[in-house]
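Novice: FYI, our numbering numbers position 132 of the sequence shown as 117, with every residue one higher than the one before it. Positions of the beta carbon are idealized from the N, C-alpha and C atoms, including for glycine. Take this structure, written in structure tokens, and hold onto it; I'll ask about it next.
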Amino acid sequence: MVPLDVVERLVVLIGSEQSEVRRVTSSVSKFGWRVACAPDHVQALALLDSLQGAGAAAAILDGWSAAPDEREAFSELRRHHPGLPILLLTSSGDASHAIDAMRIGATDYLIKPFAPDRLLGALRRVTSGPKALGELQPLSAKFDIPAHFEGMVGTDTQFRATLARAAMAARGCGHVLAEGESGTGKTMLLRALHAASPRSNAPFKILNMRSYSENSLRSVLFGHEKGAFPGAFSKQVGTLQSCHGGTLLLQEVNRMPLAVQQELAASIEQNKVRPLGAGHSFVMDVRLLTTSNQPLSELTETGRFDPALQKALNATWLHMPPLRSRIGDIPALARSFLARVQDHASSRKLTINEDAYDVLRSYEWPSNIRQLQSILLKAMATCGGAALTASHLTALAEVAVPELPQELRRRVPEQTGVQIFEEDGHVRRLEQIEADVIRLAIGHYQGRLTEIARRLGIGRSTLYRKLDGIGIHTFPEQGRG
């Protein structure tokens, strides 16, 4: 029997192309994962069964092309191991593969070629536990997202003010910090800013802080000389050096280790970067665009972010509002996304009925635009007609406000839970947890307010007040309870 501590870091790699198998194995192994290889799904099933119930953390299926035999193999894997996260690797950038992946139940997929950190990031995501309802991983990684301001849809006042500020910042070369909840489109905004900047044709790279340990991030940013530390068998040019004269986008900079923050702040102040083990420094001319899903000012006040770096990055501050404050933009966002997917997939044209818009507008969208896109992608996978209707959005109907057609009101599954912790490990705010509990109760008791109030141990007037506080104002006065 495989020891549990090994199984937790074990991934089963299924693929017959040996060069690709070696490449993926090498990439994953560098980050501490153990890899067990199988040339086909039959041997993969035997391998998974040999683990005697402990199970692997995930499976990677290489060379996915959606051929009938591959679909059958995937279905058999899913049948025998319904809870196993499965990551598909494909060489096709066709967006129809995104729809197909959703239809057959893939946890996520990556388009080749990809950098090792992208593979590691995907592997970490698929094994990190349940996602928000309907959320596949960021769709910007699946096919082209418009990298210009004209491609950013919405008329919300806050959103348009942010776009205007970003357009002004694009004219200069100062550092820019974009803050906002996960999934609001911060990276898309900064890509548009870069495309409109004087450095648009200069080197441009993106690094996600989630994908690196402290030591690996230090090497990636600053570079290292051969022999600088055990395992440094060759010289590595750092991103700050390779992006000289260009732009570097750092995603989730709030996750950057404090020691690396301080080193980066010093490099910015001196306009120099010194690789690990080097005897001299290089001049650094890099524009930094950064995103954070937590306010850096608050992290700085509590000692979790370096004040010098926070000040340096904050030359221009942008805030992307959450989707729940942009409800009026949902129809335009949905139409734009469907059109983009259909263009890439060369699929039939779909419209969206008003009853579907009603459902979309009724949800709180904790994962914002990213979640909206994934929900629409799932709906497209199940739609056989010419229009998406509320019947294709039953997953949302379970947790949205109860003023929905009776046939769409289903009980929330018993395993549904309330998320207590943020992605960074800190406890969520009490009002956020309370709001989730109330929404869960609405779905569970099918909108019966008296029963909801009784089960929550509060009065009906208190419940009405709390409903108003979380933006649910659709309960009619007559018939309440």
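Could you say if the segment 265 to 283 and the segment 159 to 177 meet the contact criterion of at least three C-beta pairs nearer than 8 Å?
Specialist: Touching, yes.
Novice: Taking 8 Å as the limit between beta carbons, can you name the residues of its chain near I145, skipping five residues before and five after?
Specialist: The sequence given here has Arg at residue 145, not Ile. Here the set comprises G139.
Novice: Can you give the Cα-Cα distance for G119 and S376, rounded to whole angstroms?
Specialist: With a pLDDT of only 49 at G119, under 50, the local geometry of the prediction cannot be trusted, and the value read off the model is given with reservation. Straight-line Cα distance between these residues: approximately 15 Å.
Novice: Could you give the distance in angstroms between the alpha-carbon of H304 and the alpha-carbon of A317?
Specialist: If you take the alpha carbons of H304 and A317, they lie about 21 Å apart.
Novice: Going by DSSP, what residue range makes up the alpha helix (DSSP H) through Y94?
Specialist: Run containing Y94: none in the alpha helix (DSSP H); it sits in the beta strand (DSSP E), 93 to 96.
Novice: What residue range does the beta strand (DSSP E) around R433 cover?
Specialist: No beta strand (DSSP E) contains R433, which DSSP labels as neither H nor E.
Novice: For D421, count neighbouring Cβ atoms within 10 angstroms of its own Cβ and tell me buried if that reaches 16, exposed if not.
Specialist: Buried is the call here.
Novice: To test your reading of the DSSP string, which unbroken alpha helix (DSSP H) runs of 4 or more residues are found completely within the segment 226 to 289?
Specialist: Fully enclosed alpha helix (DSSP H) runs of 4 or longer: 243 to 255, 281 to 286.
Novice: Give every residue of the same chain whose Cβ lies closer than 6 Å to the Cβ of L105, excluding the five residues on either side of it in the sequence, and list them in chain order.
Specialist: Result list for L105: F16, S196, in chain order.
Novice: Following the continuous beta strand (DSSP E) through R190, name the residue where it begins and the one where it ends.
Specialist: Strictly speaking, residue 190 in this sequence is Lys, with Arg absent from that position. Segment 189 to 193, the beta strand (DSSP E) holding K190.
Novice: Out of I45, T435, S446, point me to the one whose CA is closest to L30's CA.
Specialist: Answer by Cα proximity: I45.
Novice: Could you give the DSSP three-state label for T169: helix, strand or coil?
Specialist: Three-state result, T169: coil.
Novice: Do the CB positions of T287 and V238 come within less than 8 Å of each other?
Specialist: Result no, Cβ atoms of T287 and V238 do not sit closer than 8 Å.
Novice: Three or more C-beta pairs under 8 Å: does that hold for the segment -6 to 7 against the segment 47 to 55?
Specialist: Yes, the segment -6 to 7 touches the segment 47 to 55.
Novice: Taking the alpha-carbon positions, what's the T507 to Q327 distance?
Specialist: The structure shown does not extend to residue 507, since the chain is modelled only from -14 to 466, so the question has no answer here.
Novice: Determine the closest residue to I312 out of L95, T169, S60, L(-5), with distance taken between C-alpha atoms.
Specialist: Checking every option, the nearest Cα to that of I312 belongs to T169.
Novice: Between the Cα of L192 and those of K220, M173, L234, spot the shortest distance and give me the residue it belongs to.
Specialist: Closest option to L192, Cα to Cα, is L234.
Novice: Find the nearest neighbour of L261 within the set E166, L202, S182, W350, judged by alpha-carbon distance.
Specialist: Nearest of E166, L202, S182, W350 to L261, Cα basis: L202.
Novice: Based on Cα-Cα distance, which residue from R346, L243, S204, V258 lies nearest to L378?
Specialist: Checking every option, the nearest Cα to that of L378 belongs to R346.
Novice: With DSSP as the reference, label I89 as helix, strand or coil.
Specialist: In the structure shown, I89 sits in a helix (DSSP, three-state: H, G or I).
Novice: Just checking my contact of R231 with F189 at CB under 8 Å: how many whole Å lie between their CB atoms?
Specialist: Reading off the sequence, residue 231 comes out as Gly, not Arg. About 6 Å; that satisfies the 8 Å criterion.
Novice: Could you tell me the alpha carbon to alpha carbon distance between T468 and L323, rounded to whole angstroms?
Specialist: No answer is possible for residue 468: the residues shown for the chain start at -14 and end at 466.
Novice: Out of curiosity, what's the CA-to-CA distance linking L175 and A151?
Specialist: C-alpha separation (whole angstroms): 8 Å.
Novice: Is it a yes or a no for the segment 93 to 111 touching the segment 53 to 66, going by three-plus beta-carbon pairs under 8 Å?
Specialist: Too few Cβ pairs lie closer than 8 Å, so no.
Novice: Would you check if the distance between the CB atom of L361 and the CB atom of A297 is smaller than 8 Å?
Specialist: No.
Novice: What residues are listed by DSSP as bridge partners for E55?
Specialist: DSSP, once it has assigned bridges, lists no residue as partnering E55.
Novice: Provide the residue span of the beta strand (DSSP E) that contains Y304, from first to last.
Specialist: At residue 304 the sequence reads His, which differs from the Tyr that was named. 301 to 304 is the extent of the beta strand (DSSP E) around H304.
Novice: Excluding the five sequence neighbours on either side, which residues of its own chain have a C-beta within less than 7 Å of the C-beta of R450, listed in chain order?
Specialist: Same-chain partners within the cutoff: there are none.
Novice: Which residue or residues does DSSP assign as beta-bridge partners of A317?
Specialist: According to DSSP, which records beta bridges pairwise, A317 is partnered with nothing at all.
Novice: Relative to the C-alpha of R325, which residue among L434, P101, M365 is closest?
Specialist: Closest by alpha carbon: M365.
Novice: Check whether the Cβ atoms of G208 and V222 sit closer than 8 Å, and answer yes or no.
Specialist: Going by C-beta atoms, G208 is nearer than 8 Å to V222.
Novice: State the DSSP-derived secondary structure class of L69, mapped to helix, strand or coil.
Specialist: DSSP places L69 in coil when its eight states are reduced to three.
Novice: Taking only beta-carbon atoms, is R440 less than 8 Å away from chain D?
Specialist: The structure shown contains no chain D, having only a single protein chain.
Novice: Just the Cα atoms here: how many angstroms apart are P123 and R445?
Specialist: The predicted position of P123 is uncertain, since its pLDDT is 48 and thus under 50; no value can be drawn from it.
Novice: According to DSSP, is T75 helix, strand or coil?
Specialist: Correct three-state label for T75: strand.
Novice: Give me the Cα-Cα distance between S60 and Q28, rounded to the nearest whole angstrom.
Specialist: About 15 Å.
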